[in-house]
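First comes the structure, then the notes that go with it.
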Amino acid sequence: MVSEDDPTLTTIRRAPVTSLRTRPILLAAACRADFTSHIVATVTPEEYVEEVLRLIEAIPEGKVMSYGAVADALADRSGRNSARQVGNIMARHGGAVPWHRVVNSAGRMPPGHEQEARQLLLSEGVPLKGDRVDMAKASWTP
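The working numbering puts the first residue of the sequence shown at 100, with every later residue one more than the last.
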């Protein structure tokens, strides 16, 4: 197990959050030679970010995807399957794509942006149930 105090790891820097699409800073750390992971990623972290953003751009107006559905749709090609990772990518790089079309599996809109997301989704004709998206009617699968 690798701990945060391990001196063999390099410091990870985050890319600044902007409304423009930015190239992420390499997230791979220099790990010890004896460390192996069960995850087999077939794309680099930068390529995965681009795949996530490309998929979000493909969501048609009036439809939404959950963070988990995005991760599932890219799992076979990327070797990654984490809704949390998709959420982190959207928080850091999602300003230039239709971010409001990605909600959690219960239909809740992105935290801190609920008002703006609700207005954008309503203008696109996305069906809502109270303060949530009606996932049965609005879900999209590529």
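Backbone N, C-alpha and C define an ideal beta-carbon position, used for all residues, glycine too.
Nearest by alpha-carbon distance to G186: which of I155, E223 and T240 is it? Ranking I155, E223 and T240 by Cα distance to G186 puts I155 first.
Can you tell me whether DSSP reads M189 as helix, strand or coil? Looking at M189 - three-state DSSP - the assignment turns out to be helix.
Can you tell which of G229, G178 and T240 has the C-alpha that lies nearest to the C-alpha of R200? Among G229, G178 and T240, the Cα nearest to that of R200 is on T240.
Would you call T237 buried or exposed, if buried means 16 or more other Cβ atoms sit within 10 Å of its Cβ? Contrary to the premise, residue 237 reads as Ala rather than Thr in this sequence. Buried, by the Cβ-count rule.
Measuring CB to CB, does V151 end up less than 9 Å from M208? Using a Cβ distance threshold of 9 Å, V151 and M208 do not count as a contacting pair.
Tell me which residue opens and which closes the alpha helix (DSSP H) that M160 is part of. Position check: residue 160 holds Glu in this sequence, whereas Met was assumed. Unbroken run through E160: none, as it is neither H nor E.
Reduced DSSP secondary structure (H/G/I, E/B, other) of V169: Assignment of V169 by DSSP, reduced to helix, strand and coil, places it in the helix class.
Please report the residue range of the alpha helix (DSSP H) in which E213 lies. Membership of E213 in the alpha helix (DSSP H) is indicated by the continuous run E213 to S222.
For A182 and K162, what's the separation of their Cα atoms in angstroms? Annotation: A182 to K162 spans about 18 Å, alpha carbon to alpha carbon.
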